Amino acid sequence: PPLHPPSGSGPCPPLPAVPQDDDHSIAIYEWATGTLRGSTKGGRDNVLAVDFVPSPASTDFLSCGVNHVKVWTRQGQNLAARQLKGGGGDAPARKGGGKKAAAAAGGAAGLAYTVIAWLGEDAVIGNSAGHVYLVALKGQ
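Take the sequence shown: its letter number 78 is residue 84 in our numbering, and every next letter is one higher.
1) Is it a yes or a no for the segment 73-80 touching the segment 114-126, going by three-plus beta-carbon pairs under 8 Å?
2) Could you give the DSSP three-state label for Lys-106: helix, strand or coil?
3) Just tell me which of Phe-67, Cys-18, Asn-84, Ser-31 has its CA closest to the CA of Val-53.
4) Does the beta-carbon of Leu-143 have 16 or more other beta-carbons within 10 angstroms, so that it is buried, or is it exposed?
5) Helix, strand or coil for Trp-37, going by three-state DSSP, please let me know.
6) Please state whether DSSP places His-137 in a helix, a strand or coil.
7) Compare the C-beta of Ala-118 against all C-beta atoms of chain E and say whether one is closer than 9 Å.
8) Could you check if Ser-64 is buried or exposed, using at least 16 other CB atoms within 10 Å of its CB as the buried criterion?
9) Of the choices Pro-20, Lys-91, Arg-88, whose alpha-carbon is the least far from that of Leu-42?
10) Under 9 Å between the Cβ atoms of Ser-69 and Ala-86?
11) Are the Cβ atoms of Ala-33 and Pro-22 separated by less than 9 Å?
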């Protein structure tokens, strides 16, 4: 059956879904028709959050979860990922930070990155240790 966005919400954006299967799959659906537009295995670690870059021209989206933050590019039904890494273990790259700042911000293995928010087209990502990262996606 078709999916229905809240009334008055404007154009229907793509809908990311994470079914929590053994492959930690990520699927992208078209809201209005419920049509699957692309899917792929997410990786070996649980995916806890997915969100599209808030730009009308972008087909990129982020996923984050246990030990990872990934930027995905959608081209047709194909989804390709690149993992963000900073200087501090599995911490995502930080705007204006470098190795020392990322390590100081808690880039330890075993963390769950659980929240994605946006400051313009830069991602704000929070982890289970209470640390927040600002990730400039342009040039990543």
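Note that the Cβ used here is the ideal one computed from N, Cα and C, for glycine as well. Since the structure is predicted, the reported quantities are computational estimates derived from the model, not experimental observations.
The answer reads as follows:
1) yes
2) In the sequence shown, counting from the first residue as 1, residue 106 sits at position 100. Low confidence applies to Lys-106: its pLDDT is 36, below 50, so where it sits in the model is not reliable, and the reading given next is rough at best. The answer is helix: DSSP assigns Lys-106 an H, G or I state.
3) By one-based count along the sequence shown, residue 53 stands at place 47. The candidate whose alpha carbon is nearest that of Val-53 is Ser-31.
4) The count along the sequence shown starts at 1 and reaches residue 143 at position 137. Buried, because 16 or more other Cβ atoms sit within 10 Å of the Cβ of Leu-143.
5) The sequence position of residue 37 within the sequence shown is 31, counting from 1. The answer is coil: DSSP assigns Trp-37 none of H, G, I, E or B.
6) Here residue 137 corresponds to residue number 131 of the sequence shown, with the count starting at 1. Note: His-137 maps to coil in three-state DSSP.
7) Looking at the structure shown, chain E is missing, and only one protein chain is on hand.
8) By one-based count along the sequence shown, residue 64 stands at place 58. Looking at its Cβ environment, which holds fewer than 16 other Cβ atoms inside 10 Å, Ser-64 is exposed.
9) As a working mapping, residue 42 is identified with position 36 in the sequence shown. Of the listed residues, the one whose Cα sits closest to Leu-42 is Pro-20.
10) Position 63 of the sequence shown, counting from 1, holds the residue named residue 69. Position 80 of the sequence shown, counting from 1, holds the residue named residue 86. Cβ atoms of Ser-69 and Ala-86: not closer than 9 Å.
11) Working through the sequence shown from its first residue, we reach residue 33 at position 27. Working through the sequence shown from its first residue, we reach residue 22 at position 16. Contact flag set, yes.
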